[in-house]
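Chemist: Line by line, the protein sequences give chains A and B. Residue numbers for the first sequence follow the working numbering, so the first one is 278 and each next one is one higher. Residue numbers for the second sequence follow the working numbering, so the first one is 16 and each next one is one higher. Positions of the beta carbon are idealized from the N, C-alpha and C atoms, including for glycine. The model shown is predicted, which means the values in this text are computed figures rather than measured ones.
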Amino acid sequence: MTDAAELLTRTKELLAAHPPAGTDRTEFLKARFDAGLAWVHYPKGLGGLDAPRSLQAVVDAELTAAGAPENDPRRIGIGLGMAAPTILKYGSQELKQRFLRPLWVGEEVWCQLFSEPGAGSDLAALATRAVRDDEGTSHSSEAGSGGDWVINGQKVWTSSAHVARWAILIARTDPDLPKHRGITYFICDMTDPGVEVRPLRQITGEAEFNEVFLTDVRIPDAHRLGEVGEGWKVAQTTLMNERVSIGGSRIPREGGMIGPIARTWRERPELRTHDTHQRLLTLWVEAEVARLAGERLRQQLAAGQPGPEGSGMKLAFARLNQEISGLEVELLGEEGLLYGDWTMSRPELVDFTGRDAGYRYLRSKGNSIEGGTSEVLLNIVAERVLGLPSEPRNDKDVAWKDLTR
Amino acid sequence: MNAQPDLLYSEAEDDLRAAVRSLLSDRGDTAAVLVRAEAGAPYDPELWKALAGDIGAAGLLVPEKLGGHGASHREAAVVLEELGRGVTPAPYLTSSVIATETLLALDTETVEVAELLAALAAGRRTAVLAVPLSASPYGPLPVDAPRVTGVADAAVADVLLVLKSDGLYAVDRASANVEAQTPLDLTRPLAAVTVGDTARATLLADTATAEQAVRRGLLAGAGLLASEQLGLAEWCLEETVRHTRERHQFNRPVGSFQALKHRMAQLWLEVVSARAAARNAADALATGSPEAPLAVAVAQAYSSRVAVHAAEECVQLHAGIGMTWEHPAHLYLKRAKADEVALGTPGRHKEALAELVGLQAP
Numbered sequence: 278m279t280d281a282a283e284l285l286t287r288t289k290e291l292l293a294a295h296p297p298a299g300t301d302r303t304e305f306l307k308a309r310f311d312a313g314l315a316w317v318h319y320p321k322g323l324g325g326l327d328a329p330r331s332l333q334a335v336v337d338a339e340l341t342a343a344g345a346p347e348n349d350p351r352r353i354g355i356g357l358g359m360a361a362p363t364i365l366k367y368g369s370q371e372l373k374q375r376f377l378r379p380l381w382v383g384e385e386v387w388c389q390l391f392s393e394p395g396a397g398s399d400l401a402a403l404a405t406r407a408v409r410d411d412e413g414t415s416h417s418s419e420a421g422s423g424g425d426w427v428i429n430g431q432k433v434w435t436s437s438a439h440v441a442r443w444a445i446l447i448a449r450t451d452p453d454l455p456k457h458r459g460i461t462y463f464i465c466d467m468t469d470p471g472v473e474v475r476p477l478r479q480i481t482g483e484a485e486f487n488e489v490f491l492t493d494v495r496i497p498d499a500h501r502l503g504e505v506g507e508g509w510k511v512a513q514t515t516l517m518n519e520r521v522s523i524g525g526s527r528i529p530r531e532g533g534m535i536g537p538i539a540r541t542w543r544e545r546p547e548l549r550t551h552d553t554h555q556r557l558l559t560l561w562v563e564a565e566v567a568r569l570a571g572e573r574l575r576q577q578l579a580a581g582q583p584g585p586e587g588s589g590m591k592l593a594f595a596r597l598n599q600e601i602s603g604l605e606v607e608l609l610g611e612e613g614l615l616y617g618d619w620t621m622s623r624p625e626l627v628d629f630t631g632r633d634a635g636y637r638y639l640r641s642k643g644n645s646i647e648g649g650t651s652e653v654l655l656n657i658v659a660e661r662v663l664g665l666p667s668e669p670r671n672d673k674d675v676a677w678k679d680l681t682r
Numbered sequence: 016m017n018a019q020p021d022l023l024y025s026e027a028e029d030d031l032r033a034a035v036r037s038l039l040s041d042r043g044d045t046a047a048v049l050v051r052a053e054a055g056a057p058y059d060p061e062l063w064k065a066l067a068g069d070i071g072a073a074g075l076l077v078p079e080k081l082g083g084h085g086a087s088h089r090e091a092a093v094v095l096e097e098l099g100r101g102v103t104p105a106p107y108l109t110s111s112v113i114a115t116e117t118l119l120a121l122d123t124e125t126v127e128v129a130e131l132l133a134a135l136a137a138g139r140r141t142a143v144l145a146v147p148l149s150a151s152p153y154g155p156l157p158v159d160a161p162r163v164t165g166v167a168d169a170a171v172a173d174v175l176l177v178l179k180s181d182g183l184y185a186v187d188r189a190s191a192n193v194e195a196q197t198p199l200d201l202t203r204p205l206a207a208v209t210v211g212d213t214a215r216a217t218l219l220a221d222t223a224t225a226e227q228a229v230r231r232g233l234l235a236g237a238g239l240l241a242s243e244q245l246g247l248a249e250w251c252l253e254e255t256v257r258h259t260r261e262r263h264q265f266n267r268p269v270g271s272f273q274a275l276k277h278r279m280a281q282l283w284l285e286v287v288s289a290r291a292a293a294r295n296a297a298d299a300l301a302t303g304s305p306e307a308p309l310a311v312a313v314a315q316a317y318s319s320r321v322a323v324h325a326a327e328e329c330v331q332l333h334a335g336i337g338m339t340w341e342h343p344a345h346l347y348l349k350r351a352k353a354d355e356v357a358l359g360t361p362g363r364h365k366e367a368l369a370e371l372v373g374l375q376a377p
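1) Are the beta-carbon atoms belonging to Thr123 (chain B) and Leu135 (chain B) less than 8 Å from one another?
2) Once DSSP output is grouped into helix, strand and coil, what is the label at Ala369 (chain B)?
3) Trp250 (chain B) CB to nearest chain A CB: under 8 Å?
4) I need the DSSP call for Tyr184 (chain B), collapsed to helix, strand or coil.
5) Based on the DSSP secondary-structure assignment, which residues constitute the bridge partners of Ala447 (chain A)?
6) Any beta carbon from chain B within less than 8 Å of Ser667 (chain A)'s own beta carbon?
7) Applying the 10 Å Cβ sphere with the 16-neighbour rule, what's the burial state of Asp212 (chain B)?
8) Could you check whether Tyr317 (chain B) and Ala292 (chain B) sit closer than 8 Å to each other, using their CB atoms as the reference points?
9) Tell me which residue opens and which closes the alpha helix (DSSP H) that Lys179 (chain B) is part of.
10) Touch check for the segment 82-91 of chain B and the segment 217-232 of chain B: three-plus C-beta pairs under 8 Å?
11) Classify Ala46 (chain B) as buried or exposed, calling it buried when 16 or more other Cβ atoms lie within 10 Å of its own Cβ.
12) Does the contact criterion of 3 or more C-beta pairs under 8 Å hold for the segment 294-304 of chain A versus the segment 361-379 of chain A?
13) Have a look at the DSSP bridge pairing and note the partners of His434 (chain B).
14) Applying the criterion that 16 or more other CB atoms from any shown protein chain within 10 Å of the CB defines a buried residue, is Gly508 (chain A) buried or exposed?
15) Can you check DSSP and say which residues form a bridge with Val472 (chain A)?
16) From the DSSP output, in three-state form, read off Trp250 (chain B) for me.
17) Would you mind working out which of A:Phe310, A:Arg568, A:Gly354, A:Arg682 sits nearest Leu323 (chain A), comparing C-alpha positions?
18) For the alpha helix (DSSP H) that contains Gln370 (chain A), what are its first and last residues?
19) In whole angstroms, what separates the C-alpha of Thr559 (chain A) from that of Trp381 (chain A)?
20) Is there a C-beta anywhere in chain B that falls below 8 Å from the one on Asn656 (chain A)?
21) Any C-beta of chain B sitting closer than 8 Å to the C-beta of Gly589 (chain A)?
22) Look at Leu332 (chain A) and Ala404 (chain A) and say whether their C-beta atoms are less than 8 Å apart.
23) Considering only DSSP beta bridges, list what Gly430 (chain A) is partnered with.
24) Note down the Cα distance separating Gln19 (chain B) from Ile445 (chain A), rounded to an integer number of angstroms.
25) Taking the Cβ atom as the reference point for each residue, do Ala634 (chain A) and Val606 (chain A) lie within a distance shorter than 8 Å?
26) What's the call for Ile480 (chain A), buried or exposed, on a 16-neighbour Cβ count within 10 Å?
27) Where does Leu665 (chain A) land, buried or exposed, given buried means 16+ other C-beta within 10 angstroms?
28) Between Ala220 (chain B) and Leu121 (chain B), how many whole angstroms is the CB-CB distance? I'm expecting something under 8 Å.
29) How would you list, in chain order, the residues of chain B whose beta-carbon sits under 7 Å from the beta-carbon of Leu557 (chain A)?
30) With the cut-off set at 8 Å, would you say Ser651 (chain A) and Ala567 (chain A) are in Cβ contact?
31) Quick one: list the residues of chain A neighbouring Ser271 (chain B), beta-carbon separation under 8 Å, in chain order.
32) Spatial neighbours of Arg682 (chain A) within its chain, please: C-beta separation below 7 Å, excluding the five flanking residues on both sides.
33) Can you look up Pro455 (chain A) in the DSSP assignment and give me helix, strand or coil?
34) Using 8 Å as the limit for Cβ to Cβ distance, is Gln576 (chain A) near chain B?
35) List the whole-angstrom C-beta distance separating Leu98 (chain B) from Ala105 (chain B), where the pair is believed to meet the contact cut-off of C-beta under 8 Å.
36) So, does the CB of Thr550 (chain A) fall closer than 8 Å to a CB anywhere in chain B?
Given below as structure tokens:
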């Protein structure tokens, strides 16, 4: 097993061979990947050293201290957090070799083609079709043997689709089976001429997300992850990693949404009322407790005692973000009647606590919807953590084509 | 900002919890608690002997050189979680935490203080502060009060710690007049205490030391009360989940209805959060962190509401049976509601917090 001392030695060797000051950013990142220091818990030859995940911090600290460039994880979050673990678990050796390095380095951005207009919380009801066509030839220059799949359908709420080179995609391969069993998981080439990306303007006026229309898109069978019909199981790997990646970092006191309103309160005594004071204090306490609960979760993970508490963190932060930003607009009074800018734009990065109070209020409405609605998360807590029985269902043993739509 | 607080439970703390839980399940199930409470004698002297003496819970806050076990608020918090889970009547919070912490803030070189501390730590005697259970660490204290009402556990305490204008006195309960009051919470009896002249009392500290010490005792009590509230809430949630899985209406378990599941999931989230807040307060008190007042105010402002919410949901989701005298839910509701008032309401703690974090009132 690779230990901290060995990782430190390897990191120093990397820095000596490729001094950050005199090395091109991408070249440095490639060298870091090849040294196995990209994600140390990944296998050797794929950017890692089969080391414990917790030791990544040793490498990161050393590289940060040396001023080494980062791979800008916020820009490539879907690739790092969702596509990579899925490819690692289900991809062939060829796919791992082909995709993981440019993914980690950031040369190729990934997006996720899961949600559809008719399949949100009930993702398994998705209608995008994948039909086998052994006769045709793929447009993709990277086709392997085994024929093609032809994809038709529409995906929605796709972040990064307009800059993505590749996508992870789930589509229906057998409409005659019950919905969970007829799904297959693919890697989709976003440069295929059948892929059309349109910005999806949202409640804040801008377009963080896209709609993606798929018309006769061809995918080589070699770009399938997992067996035909096993796509739902494969997608669980992706979604599990999504929840791990949400709410992972340590937050200081008054970090997050409570920060701006607390500053406003201190700097603008003329805005204060007794009513807003009581509500602010209640929310301040709840935000501090949520922060502590997140800290406790991190301590549990670090001590190797992962608990189910993670499922609750997103619920807490969604509600707090909404209530705090709502109070802030109210507290600001006349100023709360104004909004920064309604111009349609395509933000590179999204900061829930950025811009003005109106933006924060509107953007946080998405916090209880994106990545699993709060209602679905409450069901998950109730059933998987508390062990309560599920509601009676009438969709489990019915062929997908016979479901009500 | 200080070093990160340790919000987990140590192995020793887990062992202590197991010992206390095993004792309480042997001696203190809720049916027995109810029978004793109805008889007007809620305390079980044998249970106290085992908890305070055999397990050594009474001496957790007291250093070894003063006859205690040299542990900390973290361990005492674990004991309180279990006492909350069992809604157990025992003078632990009042004697082993509040009175003990108060005495520890005095000059422990004094023979009278040292002897009393050693006796409390060994579980041979108990002491309570002669202040109302509702007294917060921040509010006015009853000094020279002819009669103090709402004093918790006074009926079983051997010693009353009484604030006079010239200092803090230890008074034998036998020499004071203690009249039982009818409490909302049957498991933590209250009494009105009248102390006559101080001829038969022992002066423990002068005025300045006394007030600071009492406030420190109340702060520790408030901080660790959050752990009792956590234990109460945890029991209420577990029992509610168990009941709604078993109870059938409309030919299905009532716990399968989403309207109920969401309420229990929400409670679970509150319990998880209350645990972080309670651990944070216990750790801050244990390490003597300068942030202890803030951690205590946060824990109290939050956990009081969680315990009451959990107990109220417990009654509602048990429905008819939850409204009966026979089912223990009412013991938890009454304790939770009394705990909300005890040692400062959530509002008092939020007022204190406003000063501590600079979010002043208009």
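Modeler: The short version:
1) For the purposes of this step, residue 123 (chain B) is taken as residue 108 along the second sequence, with counting starting at 1. For the purposes of this step, residue 135 (chain B) is taken as residue 120 along the second sequence, with counting starting at 1. No, Cβ-Cβ distance for Thr123 (chain B) and Leu135 (chain B) is not below 8 Å.
2) By one-based count along the second sequence, residue 369 (chain B) stands at place 354. Reduced to three states, the DSSP call for Ala369 (chain B) is helix.
3) Locating residue 250 (chain B) in the second sequence gives position 235, counting from the first residue. Output row for Trp250 (chain B): interface = no.
4) The count along the second sequence starts at 1 and reaches residue 184 (chain B) at position 169. Reduced to three states, the DSSP call for Tyr184 (chain B) is strand.
5) Within the first sequence, the letter at position 170 stands for residue 447 (chain A). Before going on, a small fix: residue 447 (chain A) reads as Ile here, not Ala. DSSP, once it has assigned bridges, lists A:Tyr462 as partnering Ile447 (chain A).
6) Your numbering for residue 667 (chain A) matches position 390 in the first sequence. Chain B, which has a Cβ nearer than 8 Å to the Cβ of Ser667 (chain A), makes this yes.
7) Here residue 212 (chain B) refers to the residue found at position 197 when the second sequence is read from its first residue. Exposed, because fewer than 16 other Cβ atoms sit within 10 Å of the Cβ of Asp212 (chain B).
8) Working through the second sequence from its first residue, we reach residue 292 (chain B) at position 277. Working through the second sequence from its first residue, we reach residue 317 (chain B) at position 302. Yes, the Cβ-Cβ distance between Ala292 (chain B) and Tyr317 (chain B) is below 8 Å.
9) Here residue 179 (chain B) corresponds to residue number 164 of the second sequence, with the count starting at 1. Here Lys179 (chain B) belongs to no alpha helix (DSSP H); instead the beta strand (DSSP E) covers 174-179.
10) Taking 8 Å as the limit for Cβ pairs, the verdict is that the segment 217-232 of chain B does not touch the segment 82-91 of chain B.
11) As a working note, residue 46 (chain B) is residue 31 in the second sequence. The residue in question, Ala46 (chain B), is exposed, as its Cβ has fewer than 16 Cβ neighbours within 10 Å.
12) no
13) The displayed coordinates of chain B run from 16 to 377. Any statement about residue 434 (chain B) would go beyond what the structure contains.
14) Counting from one through the first sequence, the residue named residue 508 (chain A) turns up at place 231. When all chains shown are included, Gly508 (chain A) counts as buried.
15) In the first sequence, counting from the first residue as 1, residue 472 (chain A) sits at position 195. Note: Val472 (chain A) sits in a beta bridge opposite A:Leu491.
16) Working through the second sequence from its first residue, we reach residue 250 (chain B) at position 235. The DSSP-derived three-state label of Trp250 (chain B) is helix.
17) The residue you call residue 323 (chain A) lines up with position 46 of the first sequence. Leu323 (chain A) has its Cα closest to that of A:Phe310, out of A:Phe310, A:Arg568, A:Gly354, A:Arg682.
18) Mapped onto the first sequence, residue 370 (chain A) falls at position 93. Secondary structure note for Gln370 (chain A): its alpha helix (DSSP H) is the uninterrupted segment 370-382.
19) Here the question's residue 559 (chain A) lines up with position 282 in the first sequence. Here the question's residue 381 (chain A) lines up with position 104 in the first sequence. About 42 Å.
20) Looking up residue 656 (chain A) in the first sequence gives position 379. Yes, its Cβ sits closer than 8 Å to a Cβ of chain B.
21) Reading the first sequence from its first residue, position 312 is the one you call residue 589 (chain A). Yes, because at least one Cβ of chain B sits closer than 8 Å to the Cβ of Gly589 (chain A).
22) Along the first sequence, one-based indexing puts residue 332 (chain A) at 55. Along the first sequence, one-based indexing puts residue 404 (chain A) at 127. In terms of Cβ geometry, Leu332 (chain A) and Ala404 (chain A) do not form a close pair [threshold 8 Å].
23) To locate residue 430 (chain A), count along the first sequence from 1; it is residue 153. According to DSSP, Gly430 (chain A) bridges with A:Leu491.
24) In the second sequence, residue 19 (chain B) corresponds to position 4, counting from 1. In the first sequence, residue 445 (chain A) corresponds to position 168, counting from 1. Cα-Cα distance, rounded: 39 Å.
25) In the first sequence, the residue the question calls residue 634 (chain A) occupies position 357. In the first sequence, the residue the question calls residue 606 (chain A) occupies position 329. Yes, the pair counts as a contact, with Cβ atoms nearer than the cut-off.
26) Within the first sequence, residue 480 (chain A) is the residue found at index 203, counting from 1. So Ile480 (chain A) ends up on the exposed side.
27) Numbered from its first residue, the first sequence carries residue 665 (chain A) at position 388. The residue is buried, with at least 16 neighbouring Cβ atoms inside 10 Å.
28) Taking the first residue of the second sequence as 1, we reach residue 220 (chain B) at position 205. Taking the first residue of the second sequence as 1, we reach residue 121 (chain B) at position 106. Contact holds; Cβ gap of about 5 Å.
29) The residue given as residue 557 (chain A) occupies position 280 in the first sequence. Leu374, listed in chain order.
30) The residue labelled residue 651 (chain A) in the question sits at position 374 within the first sequence. The residue labelled residue 567 (chain A) in the question sits at position 290 within the first sequence. No. Outside cutoff.
31) Position 256 of the second sequence, counted from the first residue, corresponds to residue 271 (chain B). The contacting residues are Leu665, Pro666, Ser667, Glu668, Pro669.
32) Here residue 682 (chain A) corresponds to residue number 405 of the first sequence, with the count starting at 1. Correct list, in chain order: Gly395.
33) Counting from one through the first sequence, the residue named residue 455 (chain A) turns up at place 178. Note: Pro455 (chain A) maps to strand in three-state DSSP.
34) Numbered from 1 along the first sequence, position 299 holds the residue referred to as residue 576 (chain A). Interface residue, yes.
35) One-based indexing of the second sequence puts residue 98 (chain B) at position 83. One-based indexing of the second sequence puts residue 105 (chain B) at position 90. Confirmed, about 6 Å.
36) Numbered from its first residue, the first sequence carries residue 550 (chain A) at position 273. By the rule that beta-carbons nearer than 8 Å mark a contact, Thr550 (chain A) touches chain B.
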